[in-house]
Each structure stands twice: as structure tokens, then as C-alpha cells.
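Below: one structure, written as C-alpha cells.
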Amino acid sequence: MTGVFHAYDVRGIWGDGIDARLSERIGRAVALHLRPATACVGHDMRPSALPAKDALIRGLRAHGVAVTEIGLASTPMQYFATGHGNFDAGVQVTASHNPSQYIGFKISRKDVVPVGGDSGLKDIERLVLSEDPLDPPPGTAPGALTSRDIRKDYAAHVARFHRPGKRRLKVVADCANGMGSLEVDLGLSRLGHDLTVLFPELDGTFPNHEANPLRHENLRDLQEAVLARGADCGVAFDGDADRACFVDEKGQVVTNDLLTALIAGEVLPDEPAGSAVVYDLRSSRVVPETVTALGGRPIRERVGHAFMKARLRKEKGAFGGEYSGHFYFRDNWHADSGVIASTLVLNRLSREAVPFSGILAPLRRYRQTGEINFEVHDKDGKIREIADAFRDGEVDFVDGVTVNYPDWWFNVRKSNTEPLLRLNLEGLTPAAFEAGKARVMPFLGTPVDR
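Under our numbering, the first residue of the sequence shown is numbered 60, with each subsequent residue one higher.
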């Protein structure tokens with residue numbers, strides 16, 4: 060994929076990569092490639108979202124596609140609208156956690172099946188970048204344009220995941236001026252907890268901090284608020300609210316693989332024995348160990364929402380979780396939802412007398428590096444070099460190179476868009492962790508902050 064077309068979506072700077080003309084051509088290309096009779100379109104709060112959305116819809120309607128607009132929406136709301144409304148295609152106009160000058164498009168087929176690089180997005184890219192005007196056949200009538208308010212139905216959908224315990228929690232939610240504000244209003248605010256909301260105002264310039272909770276500097280306001288209010292936990296949403304990240308009552312960041320293990324404990328008791336839980340290969344060994352102990356079947360998958368969703372469908376699993384904070388649910392059209400994940404975590408906390416950190420303590424038993432980036436221009440060559448050097452371990456190439464040893468493991472994989480390799484390493488003991496780092500780090504050099 061090149062330019063503004065990436066592995067899982069279209070994303071770039073408005074006016075310098077994406078403009079109204081390109082947005083309309085994307086609409087035309089989606090119509091030509093997917094051949095939908097109907098499409099559902101939502102948009103986020105960015106300054107460029109409205110002109111990008113309007114141009115996209117012009118392109119779709121030019122080919123006779125009947126378009127239903129749902130207005131301002133989070134990405135999970137758009138997924139819900141597409142699935143619940145039985146639309147042939149769905150497009151969310153958003154750039155997720157990127158800075159305000161960015162805009163983009165997340166495209167899905169019927170049943171909210173994602174359109175990624177190897178599942179249609181490359182074909183759409185070829186059409187958009189071609190010299191073809193992408194005109195409809197002569198005599199094609201413009202598709203109808205209607206609007207729909209999905210908020211009531213969406214709130215009812217999220218509420219179905221609420222199974223509260225006896226304890227009323229003190230919760231802080233950081234919306235980062237993004238679409239998490241709607242998720243809090245339609246979801247978390249209705250759970251009966253004592254809720255404090257940070258930065259709920261929709262503002263696509265992100266005046267308080269970047270809407271990317273994976274960068275720990277963006278969690279400082281949340282951590283401070285949790286400690287100041289004596290809250291039981293805090294949750295942060297990214298810009299389009301398809302991701303959620305937590306801190307415990309001490310303000311300590313909860314890694315998302317541990318949340319995968321925790322949420323599996325909420326999902327699996329209602330499923331038949333051997334039900335699949337899909338997790339990405341950056342996750343701690345705690346995840347497959349926990350899923351197995353719960354009677355589930357852990358399924359390891361490569362990184363990326365298109366791969367995770369496809370594997371969840373294939374395995375007929377009920378739930379999947381990624382290290383990035385994307386959590387997928389069969390009963391949500393296999394799509395990711397930050398608010399559903401948050402609801403399930405709060406369900407668990409409300410049943411427990413012990414604090415969040417106490418619930419997490421058994422899961423925090425191994426040491427992890429987290430994801431570390433290294434600038435490497437010959438990415439494939441370096442991966443081959445590492446694989447050759449670590450042949451004494453169990454090596455696989457599911458996504459980059461993963462090497463497993465009895466008491467430690469690591470994965471090195473490529474960035475899709477930058478000259479970076481990303482390292483994740485875990486040791487089952489402090490000694491194994493340090494020894495593993497000492498072996499791997501010399502191959503990669505000095506970490507960079509990207």
C-alpha cells in the first residue's frame with residue numbers, strides 16, 4: 060500500500076494527500092468494487108470530517124448507492140449501524156488517534172467485515188489512483204440520501220453487556236475531546252457508577268492532549284484524576300473510541316493483554332467448553348494460560364484488526380483482544396468496541412471486594428518490555444539475521460519473527476508505514492527477562508521514540 064492507503068484503512072493529511080476530489084473517488088471506487096446497493100456513513104469531530112464525508116457520499120451516490128447518514132458517531136457506533144441496519148457497506152470518516160490535520164476512511168462490507176489491504180483495499184486503491192474517471196454507467200440514477208438517529212438503539216445494544224455486581228464504583232473516563240464522549244454518554248454514564256468525565260467536549264483540534272492512550276504521556280491527566288478522586292479505576296478512549304485503555308486505582312497503567320485475559324473471564328463462563336479466544340502475538344503468555352484455565356481455546360494471531368476479526372469469525376470465537384487496546388466481540392458483529400470492553404471490566408470490578416490492582420496481581424506475574432521501536436532500513440534483512448541467530452529457540456514467522464524459549468520469548472515485526480522494527484519481549488522470571496534482553500537488544504541498536 061502506498062501514500063494514504065495503508066494496511067487497514069485510508070489515512071492522510073487533509074489538503075496534502077486527501078482532499079475532496081480524492082474522497083469522492085474513494086466513494087466511487089467503493090461503489091465499483093463492493094457493488095453495494097446500500098451504505099451507512101458516519102463521521103467524527105475533526106475539522107475536515109464534514110467535507111470529506113460529503114465528497115465520499117457524492118461518489119457513492121453517483122453510482123446509485125442509497126446512502127444513510129448517521130451523523131457524528133464513534134467508529135463502534137458506525138459498525139453497529141452497519142450491522143444492525145443490514146447495510147451492504149459501511150464507511151466511517153475518521154483518522155482515529157492521529158493529529159487534527161489528518162482524516163481518513165475505515166471501510167467495511169456487509170456484516171461489518173473489514174476491507175483491508177488483502178481483502179479489497181488494494182483494489183480500491185488501484186481504482187482511485189487510475190486515470191479512469193470512475194463514472195457510472197449512462198442513465199444511472201443517483202442513490203437516495205437519508206439520515207438515521209441510531210443513538211437509542213446503540214445504547215440498548217451496549218446495555219446488553221452490563222451485568223453489574225453489588226459495588227458502585229468510582230470511575231474516571233478520559234474522552235480526549237474525541238468520540239469517546241458519545242460512548243460515555245450512551246454507555247458508561249448509564250451503568251450506575253459514580254462517573255467523572257475528563258475532556259468530553261468534541262474538539263477535533265485535541266486541545267488537552269493527543270487522543271492516543273497507548274502513549275503514556277496522554278494518560279497523565281487520567282492518572283492524576285484517579286488518584287485525586289480516590290477512584291477505583293480510569294479508562295481512556297482514543298479519538299474514534301474503538302480502543303480503550305485502563306489504569307488501576309493506583310494510577311498504574313494496565314497493559315491491554317492483561318485486559319484480554321480479564322475480559323476472557325467475563326465472556327467464557329457463558330460459552331461452551333473449548334470456545335476460542337483470539338489474541339495477538341505480542342500478548343503475554345498470561346493470556347493463553349488464563350484462557351486455557353477457564354476452559355477456552357486460545358488462538359494466536361498476527362497483529363491487525365482485519366486479521367483478528369477474520370480469525371475470530373473462522374474459529375467461531377466469542378471474543379478477541381489486541382495489545383493495542385482493540386477488543387472484538389462476536390455479539391458485536393465481531394467488531395471492536397472500547398465501551399463494551401469497558402463495561403465488561405467494570406462488571407468484574409463491581410463484583411469484587413478487592414481493588415483493581417488486587418484482581419490484576421496474579422496476571423502481572425511476568426516481566427515485559429512493552430513495544431519498543433528501532434529504526435532499521437533493511438527490515439527484512441534484519442529479521443532474517445535475527446531468525447538465524449536464534450535458531451536454538453522455537454522460531455515462527457507468523458508476523459515478523461517470534462522466538463520462544465521455556466522461560467522467555469520475543470517478537471520482532473515490521474512497521475507497515477515507517478522504517479521501524481518493533482520488539483516485544485517477555486521473561487517468566489526477572490533473570491530470564493534480563494538475559495533475554497541482553498541477547499536481543501544488540502541486534503537492534505538504540506530505541507527510538509516513535
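All C-beta atoms in this analysis are idealised placements derived from N, C-alpha and C, irrespective of residue type, glycine included.
Limits of the alpha helix (DSSP H) - the one that residue i falls within
i      : result
LYS438 : 438-448
PRO489 : 489-503
PHE139 : 134-143
GLU283 : 279-288
PHE366 : 364-373
GLY239 : 239-245
ALA218 : 210-218
DSSP-derived helix/strand/coil call for residue i
i      : result
THR97  : strand
ASN483 : strand
ASN271 : coil
ILE399 : helix
GLY176 : helix
ALA79  : helix
VAL326 : helix
LYS181 : helix
PRO9   : Since the first residue of the chain shown is 60 and the last is 509, residue 9 is not available in this structure.
MET60  : Bear in mind that the predicted position of MET60 carries a pLDDT of just 45, short of 50, making it unreliable; the figure below should be weighed with that in mind. Coil.
TYR464 : strand
ARG426 : strand
VAL507 : strand
LEU193 : coil
ASN391 : helix
ASN236 : coil
LEU131 : strand
ALA121 : helix
GLU453 : strand
HIS92  : helix
HIS221 : coil
ALA66  : coil
ARG335 : For the record, residue 335 in the displayed sequence is Ala; it is not Arg. If DSSP states are grouped into helix, strand and coil, ALA335 belongs with the strands.
SER155 : coil
ARG525 : Residue numbering for the chain in the displayed model covers 60 to 509; residue 525 lies beyond these limits and cannot be assessed.
Chain B contact for residue i (CB, 8 Å cutoff)
i      : result
LYS165 : The structure shown contains no chain B, having only a single protein chain.
Bounding residues of the beta strand (DSSP E) (the contiguous stretch that carries residue i)
i      : result
PRO357 : 356-360
ARG70  : 69-73
SER416 : SER416 -> not in any beta strand (DSSP E); alpha helix (DSSP H) instead, spanning 415-419.
THR264 : Segment: none, THR264 is in no beta strand (DSSP E) and carries neither H nor E.
THR314 : No beta strand (DSSP E) contains THR314, which DSSP labels as neither H nor E.
ALA412 : Unbroken run through ALA412: none, as it is neither H nor E.
ALA352 : Taken as a continuous stretch (DSSP letters only), ALA352 belongs to no beta strand (DSSP E), being part of the alpha helix (DSSP H) at 345-352.
GLY198 : Element bounds for GLY198: n/a, residue is neither H nor E.
Beta-bridge pairing of residue i - partner residues as DSSP gives them
i      : result
GLY149 : CYS99, SER167
TYR161 : ILE72
LEU115 : In the DSSP output, where bridge partners are listed per residue, LEU115 has none listed.
CYS304 : ALA295
LYS473 : LEU480
ILE85  : Paired residues: none, contrary to the question.
ILE431 : LEU482
LEU254 : VAL230
LEU204 : VAL126
GLY380 : TYR338, PHE386
Integer-rounded CB distance, given that residue j should sit under 8 Å from residue i
i      : j      : result
GLN151 : GLY86  : Wrong, their Cβ atoms sit about 13 Å apart, outside the cutoff.
VAL404 : PHE305 : 6 Å
PRO478 : ASN432 : With 8 Å as the limit, PRO478 and ASN432 do not qualify as a contact, their Cβ atoms being about 10 Å apart.
PHE415 : ASP291 : 6 Å
GLY452 : VAL460 : Between VAL460 and GLY452 the Cβ distance is about 10 Å, and since that is not below 8 Å, they are no contact.
VAL312 : ALA303 : So it is not a contact: roughly 13 Å between Cβ atoms.
LEU261 : LEU254 : Their Cβ separation, rounded to whole angstroms, is 18 Å, which puts LEU261 and LEU254 out of contact at 8 Å.
Residue i Cβ short of 7 Å to the ligand ADP heavy atom set
i      : result
GLY486 : Absence of the ligand ADP from the depicted structure is noted, as is the absence of any ligand whatsoever, leaving it without description.
Would you check if there are 3 or more beta carbon pairs closer than 8 Å linking the stretch 484-493 to the stretch 412-429? The stretch 484-493 vs the stretch 412-429: in contact.
Between the stretch 220-236 and the stretch 340-350, can you find at least three pairs of beta-carbon atoms closer than 8 Å? No, the stretch 340-350 does not touch the stretch 220-236.
Within the chosen definition, does the stretch 97-113 reach the stretch 178-196 through at least 3 CB pairs nearer than 8 Å? Counting C-beta pairs closer than 8 Å gives fewer than three between the stretch 97-113 and the stretch 178-196, which falls short of the contact rule.
Evaluate contact between the stretch 106-121 and the stretch 133-144, counting only Cβ atoms and requiring at least three cross-stretch pairs below 8 Å. No, the stretch 106-121 is not in contact with the stretch 133-144.
Is the stretch 394-408 close to the stretch 209-222, with three or more CB pairs under 8 Å? With three or more CB-CB distances shorter than 8 Å, the stretch 394-408 counts as touching the stretch 209-222.
Sufficient close CB pairs (3 or more, under 8 Å) joining the stretch 63-72 to the stretch 152-166: Yes: at least three Cβ pairs fall under 8 Å.
Mind the definition here: the stretch 326-344 touches the stretch 377-384 only if three or more C-beta pairs lie below 8 Å; say whether that holds. The stretch 326-344, when compared against the stretch 377-384, does touch it at the 8 Å Cβ threshold.
With three or more C-beta pairs closer than 8 Å as the rule, is the stretch 127-134 touching the stretch 201-214? Result yes; three or more Cβ-Cβ pairs closer than 8 Å.
Count the CB pairs spanning the stretch 352-372 and the stretch 322-339 that are closer than 8 Å, and state whether there are at least three. Enough Cβ pairs lie closer than 8 Å, so yes.
Taking three-plus beta-carbon pairs below 8 Å as touching, is the stretch 363-379 in contact with the stretch 441-451? With the cut-off at 8 Å, the stretch 363-379 and the stretch 441-451 do not touch.
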